[in-house]
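Asker: This is the structure I want to talk about, given as structure tokens.
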Amino acid sequence: MPDKFTVARALREIGALLEVEGENPFKVRAYENGARALEGLADDLGATIAAGKLTELNGIGEALAKKIADLHATGSTPLLERLRASHPPGILKLLQIPELGPKKIAALHAALGIATVADLETACLGGRVRGVKGFGGKTEQKILEGIRRFRSRAIDRRTLLADALAVADDLLAYLRPFPAAERVELAGSARRGRETVNDLDLVAASRDPAALAAHFAAYPSADEVLARGPTKTTLRLATGLQVDLRMVPPEDFATLHHHLTGSKAHHVRLRGIARELGYTLSEWGLHRLDPAREATPDVPLTGGEPALDHARKVPIESEEALYAALGLRFVPPELREDQGEIEAARDGSLPGDLVRPEDIRGFVHCHTVWSDGRATVEEMARAAEARGAEFVTITDHSRAAGYAGGLDLDRLRRQWEEIDRVQEKVKIRLLKGTEADILEDGALDWPDEVIERLDVVVASVHSRFRMDEDQMTRRLVRAMSVPFFKIWGHGLGRLLNEREPYACRVEEVLDALAASRGAAEVNGDPQRLDLEPRWIRAARSRGVPLVLSVDAHSTGALGYLRFAVATARRGWARRGEVLNAHPAEVFAQAVRPAG
DNA sequence: GCCGTTTTCGGCCCGACTGTTTTCAGTCG
3 MPDKFTVARA
13 LREIGALLEV
23 EGENPFKVRA
33 YENGARALEG
43 LADDLGATIA
53 AGKLTELNGI
63 GEALAKKIAD
73 LHATGSTPLL
83 ERLRASHPPG
93 ILKLLQIPEL
103 GPKKIAALHA
113 ALGIATVADL
123 ETACLGGRVR
133 GVKGFGGKTE
143 QKILEGIRRF
153 RSRAIDRRTL
163 LADALAVADD
173 LLAYLRPFPA
183 AERVELAGSA
193 RRGRETVNDL
203 DLVAASRDPA
213 ALAAHFAAYP
223 SADEVLARGP
233 TKTTLRLATG
243 LQVDLRMVPP
253 EDFATLHHHL
263 TGSKAHHVRL
273 RGIARELGYT
283 LSEWGLHRLD
293 PAREATPDVP
303 LTGGEPALDH
313 ARKVPIESEE
323 ALYAALGLRF
333 VPPELREDQG
343 EIEAARDGSL
353 PGDLVRPEDI
363 RGFVHCHTVW
373 SDGRATVEEM
383 ARAAEARGAE
393 FVTITDHSRA
403 AGYAGGLDLD
413 RLRRQWEEID
423 RVQEKVKIRL
433 LKGTEADILE
443 DGALDWPDEV
453 IERLDVVVAS
463 VHSRFRMDED
473 QMTRRLVRAM
483 SVPFFKIWGH
493 GLGRLLNERE
503 PYACRVEEVL
513 DALAASRGAA
523 EVNGDPQRLD
533 LEPRWIRAAR
543 SRGVPLVLSV
553 DAHSTGALGY
563 LRFAVATARR
573 GWARRGEVLN
583 AHPAEVFAQA
593 VRPAG
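Taking this note's numbering, the leading residue of the first sequence gets 3, the next gets one more, and so forth.
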């Protein structure tokens with residue numbers, strides 16, 4: 003039976019195909035809104051449908067509820083069948099090509115019968131696209147470039163958050179000392195801590211944007227200037243990553259920074275609230291509408307502030323002030339996804355104590371040369387100590403992870419002796435742990451009497467990823483039900499851009515984890531970031547505590563903590579819910595496998 | 001398609017930039 007995320011995908015497919023048909027854009031958006039409402043559903047979808055409570059969700063009415071029920075029961079609904087029958091399957095792929103939207107696709111399909119990426123490429127190369135009304139030679143070239151980028155993304159390859167932030171740090175260091183830059187900050191999905199990003203968005207306060215834009219365009223790693231206007235310049239870096247720099251006078255900085263941080267869905271909601279309060283909100287700020295002249299349409303000026311001559315600007319000096327003006331508590335960037343944060347900011351239930359990097363007192367899940375790590379126990383301990391940690395857990399692989407140098411019992415005992423020796427030399431507290439494989443049948447890769455002697459157990463799947471959903475769910479439920487405290491390591495085994503999460507009914511596993519004793523890991527490895535935010539919320543709602551880990555195979559990887567924290571914040575994790583935000587003794591007591 | 005102490009109809013967020021248009025449509029975020 004399809005879960006809520008599968009049903010949400012089907013709604014988005016309906017929306018996309020309706021868009022190609024030229025359907026009312028608000029109707030198209032209704033499907034997108036419905037999909038998001040579904041994804042944010044806290045309760046079981048089947049139960050919600052059975053109780054007739056779907057329409058209680060904001061954005062789902064009678065029509066969508068009916069279709070969602072169909073999709074949940076049968077995997078499809080008549081409208082989706084009709085749309086799939088009347089549009090070639092390649093249409094959805096065409097929508098993914100940059101520069102190509104529903105209108106152009108429809109026009110090309112009508113004029114030239116283009117239905118696939120290959121058709122489109124052939125037509126561009128043959129010079130036939132420029133003959134279609136509304137298309138010219140430049141558009142033809144842009145489409146070809148778009149196809150090339152579409153293909154190079156292969157499996158929808160996006161830039162990892164860690165890589166994006168490294169580039170952003172470098173760019174900020176380049177831009178900030180420039181005299182015409184009064185302030186430069188990161189915005190966009192990277193600021194929100196998204197696991198991967200499409201591009202980087204930077205915002206600058208400047209009284210001389212032309213000079214700043216010129217300096218930006220001269221950035222040494224820039225490959226090409228893609229666009230250049232009075233307030234915005236776009237670069238493509240040698241790595242292919244695209245960077246936008248938007249510039250405004252200092253007094254408009256806060257609202258622009260907020261605007262470009264997104265998400266789009268969050269902003270749509272805020273603008274609706276602004277309207278209700280008699281304002282209009284845009285990157286140019288908050289303006290109070292003059293009711294007497296409300297009917298006057300805005301007349302945008304090219305390349306400047308729109309002529310909101312019937313409205314009065316409300317000075318906004320910070321994001322906090324903007325939310326306050328809308329009657330809302332400040333919403334941290336990581337939460338701005340229209341996943342309930344607006345309602346929480348309104349009724350005051352938004353958590354004010356989201357976990358922060360400085361809250362974390364110990365590094366969990368560290369490998370050493372005993373298995374597949376590159377640093378010794380002592381090197382790892384000293385590196386963790388140098389970063390100010392109170393404790394570090396040494397969790398090398400268990401025997402079944404042969405490819406990773408997993409330890410047998412004899413080597414595990416010798417490792418304990420070494421940890422004891424190092425402990426005498428360092429102040430930081432060392433905990434003896436394991437990353438135990440979850441075997442095919444759900445058993446852990448150590449006998450009970452060994453587990454009882456360990457300080458901490460991370461239990462992870464490292465083999466047989468391709469089991470079907472039933473098998474994998476049974477395997478994990480059994481593993482999470484063992485009567486020891488265990489940390490579910492890198493939950494769904496995904497590797498961003500490389501491997502999908504494995505099929506599994508996550509809620510059932512979390513139920514088992516909650517009923518037995520255990521915690522869920524938020525793995526900070528830039529390619530994992532696993533569990534992902536929606537499942538972090540599901541774990542928290544069951545009272546399952548979290549561990550923010552680095553999964554470090556080198557001393558440098560202790561820096562992954564930043565990404566684990568960002569991911570946990572996206573899952574609304576509060577400081578008190580994170581075990582390694584507690585003092586060493588409290589943490590050690592909480593994670594002790596036995597007792 | 002959704003939604004409603006101004007409404008069950010008529011709204012629905014807003015602007016930058018490009019390319020093709022000669023006043024604007026399409027795409028993006």
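Glycine is no exception: its CB is placed at the ideal position from the N, C-alpha and C atoms.
Tell me the residue span of the beta strand (DSSP E) that contains Ile489.
Answerer: Segment Lys488 to Trp490, the beta strand (DSSP E) holding Ile489.
Asker: Identify which residue in Glu510, Leu560 and Pro252 has its Cα closest to the Cα of Thr395.
Answerer: Per the Cα distances, Leu560.
Asker: In chain order, which continuous runs of the beta strand (DSSP E) of length 3 or greater are located wholly inside the region 342–416?
Answerer: Listed in chain order, the complete beta strand (DSSP E) runs (minimum 3 residues) inside the region 342–416 are 364–368 and 393–399.
Asker: What residue range is occupied by the uninterrupted alpha helix (DSSP H) comprising Arg536?
Answerer: Its alpha helix (DSSP H) spans residues Pro535 to Ser543.
Asker: Measuring straight from C-alpha to C-alpha, what distance separates Arg530 and Val186?
Answerer: Going by the C-alpha atoms only, they are around 30 Å apart.
Asker: Should Arg496 be labelled buried (16 or more other beta-carbon atoms within 10 Å of its own) or exposed?
Answerer: So Arg496 counts as buried.
Asker: Should Ala39 and Leu59 be called a contact, given that it needs their Cβ atoms to be closer than 8 Å?
Answerer: Yes, Cβ-Cβ distance for Ala39 and Leu59 is below 8 Å.
Asker: Can you tell me whether Glu523 is buried or exposed? The criterion is at least 16 other CB atoms within 10 Å of its CB, across all chains shown.
Answerer: When all chains shown are included, Glu523 counts as buried.
Asker: Taking C-beta to C-beta, are Ala438 and Asp450 nearer than 8 Å?
Answerer: Not closer than 8 Å, so no.
Asker: Could you spell out the range, first to last residue, of the alpha helix (DSSP H) harbouring Glu321?
Answerer: Its alpha helix (DSSP H) spans residues Glu321 to Ala327.
Asker: Mapping the DSSP letters down to three states, classify Asp172 as helix, strand or coil.
Answerer: Residue state, collapsed to three classes: helix.
Asker: So if DSSP puts Ile440 in a beta bridge, which residue, or which two residues, is it bridged to?
Answerer: Looking at the DSSP assignment, Ile440 forms a beta bridge with Leu446.
Asker: Below 8 Å between beta carbons: does that hold for Ala383 and Val424?
Answerer: Yes, the Cβ-Cβ distance between Ala383 and Val424 is below 8 Å.
Asker: So which of Arg348, Glu339 and Ala207 has the shortest CA-CA distance to Leu330?
Answerer: When each option's Cα is compared against that of Leu330, the closest is Arg348.
Asker: Hey, how far is the Cα of Thr370 from the Cα of Gly404?
Answerer: Approximately 15 Å, taken between the alpha carbons.
Asker: In terms of alpha-carbon separation, which member of Asn499, Ala540 and Ala52 lies closest to Leu163?
Answerer: Among Asn499, Ala540 and Ala52, the Cα nearest to that of Leu163 belongs to Asn499.
Asker: Glu426 to Phe393, Cα distance in whole Å?
Answerer: Approximately 14 Å between the Cα atoms of the pair.
Asker: If we ignore side chains and look at the alpha-carbon of each, how far apart do Pro4 and Ala541 end up?
Answerer: Distance between the alpha carbons of Pro4 and Ala541: 21 Å.
Asker: Can the beta-carbon of Lys234 be found closer than 8 Å to that of Arg248?
Answerer: Cβ distance < 8 Å, so Lys234 and Arg248 count as in contact.
Asker: Using C-beta distances below 7 Å, list every residue in its chain close to Arg11, excluding the 5 sequence neighbours before and after it, in chain order.
Answerer: There are no such residues.
Asker: Name the residue from Thr161, Arg277 and Val250 whose alpha carbon lies nearest to the alpha carbon of Glu285.
Answerer: If we check each option's Cα against that of Glu285, Val250 comes out closest.
Asker: Is Gly306 helix, strand or coil by DSSP?
Answerer: Caution is warranted here: a pLDDT of 41 is assigned to Gly306, below 50, making its placement in the model unreliable, and the coordinate value is therefore given only provisionally. Correct three-state label for Gly306: coil.
Asker: Which residue wins for smallest C-alpha separation from Pro335, given the options Glu322, Ala327 and Lys429?
Answerer: Closest option to Pro335, Cα to Cα, is Glu322.
Asker: In terms of residues, what are the limits of the alpha helix (DSSP H) holding Val428?
Answerer: Here Val428 belongs to no alpha helix (DSSP H), and DSSP marks it neither H nor E.
Asker: Grab me the residues of His268's own chain with a C-beta within less than 8 Å of its C-beta, minus the 5 sequence neighbours each way, in chain order.
Answerer: Only Val333, Arg338, Glu339, Asp340, Glu343 and Ile344 meet the Cβ criterion.
Asker: In whole angstroms, give me the CA-to-CA distance for Tyr325 and Cys506.
Answerer: Tyr325 and Cys506: Cα-Cα distance of roughly 39 Å.
Asker: Less than 8 Å between the C-beta atoms of Leu548 and Leu581, yes or no?
Answerer: Going by C-beta atoms, Leu548 is nearer than 8 Å to Leu581.
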